[in-house]
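Participant: Shown below is the structure under consideration.
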Amino acid sequence: MRMLSLVVALLFSVSLSTRADDPKQQSDKEITEKLVGKWVIEINEGGVSGKGYSTFKKDLSFEFSAKLKAGGQTVELEISGTWKVEKGEMTSTVAKSNNPTPKKGDVTKDKVIQVDDTTLKLKNEKGEVETYKRVKE
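Numbers given in this note's numbering equal positions in the sequence shown, counted from 1, plus 1.
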């Protein structure tokens, strides 16, 4: 279970990352506007599988939920908090979590490689890239 908590923490940090590095560099305002909405990521690595959903709201709050399977166990993760974009980085602060990792007050700062109407590519603090697809609502 401890390993699963560490994996969940890693996925959380990946799920909340951003900065514009594409040839047409986006402003913080443009990044913020493009991030608003619901995104999904397919998770299948290190013996952990499932889907994670990140919803970034106009009021700069976020919700993250995931149902993950690892080692015969299923963990449902629910996290909420606030986010903001400054200098091409998104800072996310956890306000509530149903899991010990991440906990209330944890902060992530990550970069966006790409954000448009369909795709969100994020680079976390460890340099790992994850690709999300926009969920049409």
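Cβ coordinates follow ideal geometry from the N, Cα and C atoms, glycine included. Note that the structure is a prediction, hence the values are computed from the model and not measured.
(1) For residue 123, which three-state DSSP category applies?
(2) With the cut-off set at 8 Å, would you say residue 83 and residue 75 are in Cβ contact?
(3) Could you tell me the distance, in whole angstroms, from the CA atom of residue 57 to the CA atom of residue 130?
(4) Over what stretch of residues does the beta strand (DSSP E) that includes residue 110 continue unbroken?
(5) Within 8 Å (strictly less), CB to CB, does residue 29 reach chain C?
(6) Considering only DSSP beta bridges, list what residue 97 is partnered with.
(7) When you compare only the Cα positions, how much space is there between residue 98 and residue 53?
(8) Between which residues of its own chain and residue 124 is the CB-CB distance below 7 Å, once the five residues before and five after are set aside?
(9) Can you tell me which of the three DSSP states residue 31 falls into?
(10) Which same chain residues, not among the five before or five after residue 119, have their C-beta less than 6 Å away from its C-beta?
Facilitator: Let's see:
(1) Here residue 123 corresponds to residue number 122 of the sequence shown, with the count starting at 1. Three-state DSSP puts residue 123 in a strand.
(2) Here residue 83 is taken as the residue at index 82 of the sequence shown, counted from 1. Here residue 75 is taken as the residue at index 74 of the sequence shown, counted from 1. Not a contact, by the Cβ cut-off of 8 Å.
(3) Along the sequence shown, one-based indexing puts residue 57 at 56. Along the sequence shown, one-based indexing puts residue 130 at 129. Taking the straight line from one Cα to the other gives about 19 Å.
(4) Position 109 of the sequence shown, counted from the first residue, corresponds to residue 110. Segment 108-116, the beta strand (DSSP E) holding residue 110.
(5) Of the chains in the structure shown, none is chain C; there is only one protein chain.
(6) On the sequence shown, position 96 is the one that residue 97 refers to. According to DSSP, which records beta bridges pairwise, residue 97 is partnered with 81.
(7) Your numbering for residue 98 matches position 97 in the sequence shown. Your numbering for residue 53 matches position 52 in the sequence shown. For residue 98 and residue 53, the distance between alpha carbons rounds to 14 Å.
(8) Counted from its first residue, the sequence shown places residue 124 at position 123. Excluding residues within five positions, the ones whose Cβ falls inside 7 Å are 18, 111, 112, 114 and 130.
(9) Walking along the sequence shown from the start, residue 31 turns up at place 30. It is helical.
(10) The sequence position of residue 119 within the sequence shown is 118, counting from 1. If we look at residue 119 and ignore the five residues flanking it on each side, its Cβ neighbours are 135.
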